[in-house]
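Residue numbers (the working numbering), protein chains in the order written: chain A, 576 to 888; chain B, 141 to 612; chain C, 44 to 410; chain D, -4 to 292.
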Amino acid sequence: MVESKHPWKAWIYLAPAIVLLLIFTVWPIINTVRMAFLEGYSSMSAVGGMQYNFGFGNFKQVLQYKDFLSCLTNTMLLCVLTVPISTILALLIAVCLNAIRPLQRLLQTIFFLPYVTNSIAIGMVFAAMFNMVGSAFGSENEIVITAGIINNVIEFFGGTAVNWINAGSTYWANITVMVVYIVWNALPFKILILLGGLQSINKQYYDAAKVDGTSRRRVFTKITVPLLSPMLAYVVITGFIGGFKEYSSIVGIFGDDMGPTGDPRRLNTMVGFIYDALANKQGRASAAALILFGIIFVVTMINLYVSKKKTHY
Amino acid sequence: MKKILLATLLLLALCFNCVSMVACNNSNVAPEFEMPEVGYDGSEVTINFYHTMGANLREVLDAYIVEFNKLYPNIHINHQQVGSYDDVRDQIKTEITVGNQPHIAYCYPDHVALYNLAKAVVSLDDLIASDLEVTRADGTTETMGLTDEQIADFIQGYYNEGKQFGDGKMYTMPLSKSTEVLYYNKTFFEANNLTPPTTWDEMEALCEKIRQIDPTCIPLGYDSEANWFITMCEQYGSPYTSATGEHFLFDNDTNRNFVARFREWHQKNYVTTKELSGGYTSDLFKAQDGTRSYMSIGSSAGATHQRPDKVNDAYPFEVGITTIPQVDPANPKVISQGPSLCIFKKANQQEVIASWLFVKFLTTSVEFQAEFSMVSGYVPVIKSVGQNEVYKNEFLDKANGGDFIAALSAKVCLEQEAAYYTSPAFNGSSTARDQVGLLMQKCLSADANGDVAAMIKKAFEDAVAECKYQAD
Amino acid sequence: MKVVLQNLTKVFPGRNKKVNEEVVAVNDFTFTIPDGKLIGLLGPSGCGKSTTLYMISGLQKPTSGKIFFGDDDVTELSAESRGVGLVFQNYALYPHMTVRQNILFPLQNLRGKDKLNKNEMLERAQKAAALVQIDNLMDRKPSELSGGQQQRVAIARALVKMPSVLLLDEPLSNLDARLRLQTREEIRRIQKETGITTIFVTHDQEEAMSISDMIVVMKLGLVQQIGRPQDVYDDPVNLFVAKFLGTPPINVFDGRVENGRLYIGEDEVMKVKGVEDQPVTVGIRPEGFTPDSKGRLVCGLNGVEIMGRDVSVVSTHPASLNPVIRSIINADNKIDTSAETVKYSLKPHKVFLFNKETETRIYFEVK
Amino acid sequence: MSESTMKVMQEKDLRKVTSSQKAVKIAVQFMLYAFLILMAIIIIFPFYWMLISSVKSLSEYRLSVPTLFPREILFSNYVEAFNQANLGRLFLNTLYVGLVSTLLSLVITVLSAFAFARLEFKGKNTLFALLLATMMIPGELFTITNYATVNAFGWMDSFTVLIVPFLVSVFYIYLLRQNFMQIPNELYLAAKVDGTSDLKYLWKVMIPLALPTLISITILKMMGAWNSYVWPRLVANKEEYRLITNGLRNAFTESTGDVNIPVQMAAVAIVSLPLFLVFIFLRKYIMKGVSRSGIKG
């Protein structure tokens, strides 16, 4: 690093970024904290001249709300299910990709495709695939008309069709669909990172292992995974952070109702909760956002602690 | 990474400190409207008007803006289709927080309740009562307010909707209205010697009969679960909501009972709804084969959607329209819906007055009301439209269950003018509406695990709790 | 175990797919490595020495030719079945494992009846570590070790499974000069103690010469010469080998033979019997010069560098193909550093003649 | 020492060993490909489904057993989708917003990243950590306040409001700084010795060396403009400023009755196509950009 003769010069370089960040990032954060502690704050009534007490009222209301717990459990459940599944799957795919020559680039491209899509748009495609009854009653002589392709496949293999996302579907069926979609969505990034990690592992480790007659499984568990552990930790941590912000994928499948017909908000998440409150109860939304931030913070800390213990070198 | 986390904490702590410094309130509230002594002074103003009109309705509006400008050339109307009703509400909501709201907007009562949290809507009472004379560009004059004849010309149910806000003040003017009507397959009814039901008891019997005739059918489709619930409350005279005091009163035995009854209907495949069938029930009503229905309760403004597509240049069946079933046919209740207009407070009182003049023009002009009704399928809000020659001759008199189905629907609506009710509007009234709609969906379709009463009880309690949380 | 390479050839397909140019990395290499010897594969980069090593290890398959371990043909056998120990240039120590875990790793791979119990493994690991004198570092991670220590760990890891052949790829290139000297003695010692046939690859001729029982000099895939280090040094078969071996490098001159006399430039330097008249390239080892006032080779004197026991004389000659001539002479020979020229007589067995075109050696009789 | 190995070798028939090794290798390769191709089909299937649905007639789409190959290919869905949403205008708007915001964003990002990577000033590390910390806060929260801010600036319904608030991305600064840091400091020192100005050095040395990252940022930023939805809907609802995603969404919410899914799928396909094309041609840079962020994390 060079000791500059003009320390102010750095600030000139930084000025545009800092000014914009102050206005569009820092101020909103400050404002959020402010709103969170003004009890019952809403921007409409604030315009109307309402005065607010300073306190924890918003937090109390959020925590006592009957659906808060379900939002939290939904969020956690999706995190706990999708992060390991997508990580393991991505690891397998990355390792396999790394082990082949022909078609490698083609397959790599395909696996990255979901990354360049709009999650709401493709969510609509998934919803259509998992549909039980069509969007309307069609021309056949029964009520259940358009079964989605997934149920067709299940029936083809002799199973019975499952009501995945329509009215009367079970919670676990909904969760299954969400897990499939979220994992599908999360794979590209993870595969990319892990494949990059794999390719940066010195080939000599594998040569050395080969000379020593190491079995494939041992190579995988004793060499590949430990050497990949920083990248694994990275995808797990970002996976958790992203998982706690899960929202648009659920909108993609279930629409703004965040649940099947007849039971809206069943799959609501923390961010969904914030968005709901954001419309009219900005104080509550801010409080919920701070709670979410706190949770992410704690989970990330735990993750970091664990990964420090588990990642090698 | 650890450093980042620490920095984040620091950042938050910093924010917390800042909070006390920026506790000031950015009050963008516009001043209360006060009628200037001169009334409208002819000054040049531009009025922004948010609505949801499609292209065909915008054409009508544009034509009448030209007419209006013949009278008031200095009032420029700048209108904009913002999207759906909810989009209008959301847009204005955010704009109010920065004092940037339009002058006039399409509104539903609950929107106004929301805007009024910010005290943003002009109370119209002073304007309506004003007897100031306004001179128009063509030399004629008009009274600023509404004359007694003008007030009397409004269909009362529609007019009174503007006063549903619990403080006795008038905040909205009805623009065009609709209600729910019962569409039935007249051809089928005549062939099987059936008559349209007037009560819910008759409806139940009728459904049973129709199911015997066509075992794969679902005789009745009811589009809006929420309307169904609220209308039943009105018809039974049981509490739904109140604009003052304890807002959410709908958890009571009467209401649980009718919900339980309709659940049975649903189980017996007598009835379905928009959400439960996955689409507007008109789809079933229009269907020519497969699962179909023979009755559909939907918006009177959607009559053309209830008409089946032509086959070989002829409608496969004729549609009949009648009042929806009642609890007590002697004291009928049908919902009043459709957009009203509200005016927002502005610093420049001339803008408010100009807005009012335009609102008044749209709501009291027979020609506009007639043409708007014919194009939109909505019902005019003033009775004298019925006497308008074009409207009468070219529209109402031609009413039938085929090409002129919209007229038929309008006719039925105009005939039941005394039956319109509106529900109280307050901050949270839309939540109540959403919640009872969901409650209907849930109670009709959910797996009760053997204890229907308990399931329904829980659904009601949840709905009330949700309403209270949202209103809190 | 002896290792036999029979017509070993390795051809790599060209990088450029359109132009079908192949790269012959190793060309028809035949050689028998006697049991228990330390062999150095020597050559400039790209000469195919590493490829040869990898073929012996089984990591690369020869295009043609055969490899025998003892009497067994292992050509088609994959690396893990050959029982070789391989030490990589960068050691390839697993960074997430301790020294002990690294050394244990090959033992834990053993299956079937070769499988060892835990105590046996630990014992063998300890023994291997002791052999390379790192038994006090067993719980460290590779990142906590110096380069030399890492090198030893890598050797221990290769030795612990008692390989039939030990292969070392540029074992000293990542070490600093002092460690290099020390480690190469160490390698020699370990090899002698274990008696394992050891093949190592290096581009550093000094390294190869100092510890190998035999060296193989390679160039562009072709073996140039095989032999004991001193023999190869004293008797190079061609100009390349002569140039490649020795520090300071051999001095090369344009010369010609006329009537059994060797001329460098215009200087007639010595008699060469049995060589036809022809232009030649003359190579003279630095130690082949003797300052001699009657010497025939007259060089311009540039300077004298004192190296302790010896001095290095830097001089020039118009026929020299190198910018300067370096000669090493015993410090007893006094050089007049102020003189403009220095005259040398030559030691005939340090003078090599090469064909100008083919660069192969032209032998002459020394009287 | 070599005794044990010798024994093993003698016991096994070498030929058997080699042939079984080959068989295992082939089997493993086969399994790898089978797994990868299966996964690839799962990954790609929704796109295929979207494409075939977009060319089906409504009645074919609603068949109880869906057809995997459309019986007849209806491009009219695309025409309908295109017309319903006035796509030409939307494309141009989006392109404009995307290009301008990318350009400005690059300038700001390069300058900041340079300051963080090469210049020395008090509080640098604290500032950088603070910037990174802002990345952890759910961005949804910024909307309310930012709305008030841009309104106070009088930016409503303009391209400015679509461009300026998101010009700075801490993530991009971070990405580029990491890249700059990898460029040996000696180059900078050499330039200083030669009397090259910072800006010239930045332009002549740093930017060419960091070009792949800059291209990645460009693409990510363009993709952002292409996919943005919530903010534009809020602040620029006038048709002349409307962006592609909003335009499409609006086009399909206005219609009453149930949505014509094939037309909707056609619209989704139209919106997705440019991204796919960009991706296929600039795959390397996108992947590099995304993965670089990860590897240095």
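Beta carbons are placed, not taken as given, at the ideal position from N, Cα and C, and that holds for glycine.
query, result
"Min CB distance glutamine 24 (chain D) to chain C below 8 Å", "no"
"Cβ pair count under 8 Å reaching 3, the stretch 223 to 236 of chain B against the stretch 245 to 256 of chain B", "yes"
"Own chain, CB closer than 6 Å to valine 312 (chain C), minus 5 neighbours either side, in chain order", "Leu305, Arg339, Leu340, Leu389"
"C-beta contact flag for lysine 317 (chain B) and tyrosine 518 (chain B) at 8 Å", "yes"
"Option in A:Val594, A:Phe815, A:Gly772 with minimal Cα separation from valine 873 (chain A)", "A:Phe815"
"Interface flag, alanine 586 (chain B) vs chain A, CB-CB below 8 Å", "yes"
"Residue-level contact to chain B via CB, leucine 229 (chain D), 8 Å cutoff", "yes"
"Proximity test, Cβ basis, 8 Å: threonine 504 (chain B) and chain D", "no"
"Min CB distance glutamate 163 (chain C) to chain A below 8 Å", "no"
"Exposed unless 16 or more other CB atoms sit within 10 angstroms - verdict on alanine 423 (chain C)", "As shown, chain C starts at 44 and ends at 410. That puts residue 423 (chain C) outside it, with no answer to give."
"Option nearest asparagine 302 (chain C) by Cα separation, candidates C:Arg154, C:Gln225, C:Pro291, C:Gly317", "C:Gly317"
"Any 3 or more C-beta pairs closer than 8 Å across the stretch 290 to 297 of chain C and the stretch 322 to 340 of chain C", "yes"
"Reduced DSSP secondary structure (H/G/I, E/B, other) of phenylalanine 173 (chain B)", "coil"
"Isoleucine 870 (chain A) to alanine 366 (chain B) span [Cα, whole Å]", "37 Å"
"9 Å Cβ cut-off: residues of chain B touching glycine 743 (chain A)", "Ser585, Ala586, Asp587"
"Glutamate 415 (chain B) classed as buried or exposed, judged by whether at least 16 other C-beta atoms fall within 10 angstroms", "buried"
"Buried or exposed (CB count within 10 angstroms, at least 16 for buried), asparagine 72 (chain D)", "buried"
"Residue environment, isoleucine 158 (chain D), which counts as buried when at least 16 other CB atoms sit within 10 Å", "buried"
"Residue from B:Gln466, B:Met175, B:Leu197, B:Ser495 whose Cα sits closest to the Cα of phenylalanine 398 (chain B)", "B:Gln466"
"Test: valine 700 (chain A) CB closer than 8 Å to a CB of chain B", "no"
"Element boundaries [alpha helix (DSSP H), containing leucine 197 (chain B)]", "195 to 211"
"CA nearest to the CA of cysteine 347 (chain B), picked from B:Tyr324, B:Phe369, B:Trp368, B:Phe566", "B:Tyr324"
"Backbone secondary structure at tyrosine 323 (chain B) - three-state DSSP", "strand"
"Three CB pairs or more closer than 8 Å across the stretch 75 to 89 of chain C and the stretch 592 to 600 of chain B", "no"
"The stretch 126 to 141 of chain C / the stretch 193 to 212 of chain C touching (three or more Cβ pairs under 8 Å)", "yes"
"The stretch 552 to 563 of chain B touching the stretch 283 to 294 of chain B, judged by at least three CB pairs closer than 8 Å", "no"
"Cβ-Cβ distance between phenylalanine 148 (chain C) and aspartate 787 (chain A) below 8 Å", "yes"
"Listed by chain order, chain C residues near threonine 796 (chain A) by CB distance under 9 Å", "The premise fails here: threonine 796 (chain A) is roughly 11 Å from chain C at the closest Cβ pair, so nothing lies under 9 Å."
"Short CB-CB distance (under 8 Å) between lysine 598 (chain B) and chain A", "no"
"Rounded straight-line distance, which links the Cα of leucine 286 (chain B) to that of proline 171 (chain B)", "24 Å"
"Cβ-based neighbour list, tyrosine 809 (chain A), same chain, cut-off 8 Å, excluding 5 preceding and 5 following", "Ile768"
"Same chain, Cβ closer than 7 Å to phenylalanine 388 (chain B), five either side skipped, listed in chain order", "Thr381, Ala572, Val604, Cys607, Lys608"
"Alpha-carbon spacing of glycine 211 (chain D) relative to leucine 215 (chain C), whole angstroms", "The sequence given here places serine at residue 211 (chain D); glycine does not occur at that position. The alpha-carbon atoms of serine 211 (chain D) and leucine 215 (chain C) are separated by roughly 41 Å."
"Glutamine 49 (chain C) (DSSP reduced to helix, strand or coil)", "strand"
"Three-state secondary structure (DSSP) of lysine 386 (chain C)", "strand"
"Strand pairing of glutamate 301 (chain C), partner residues [DSSP]", "C:Arg304"
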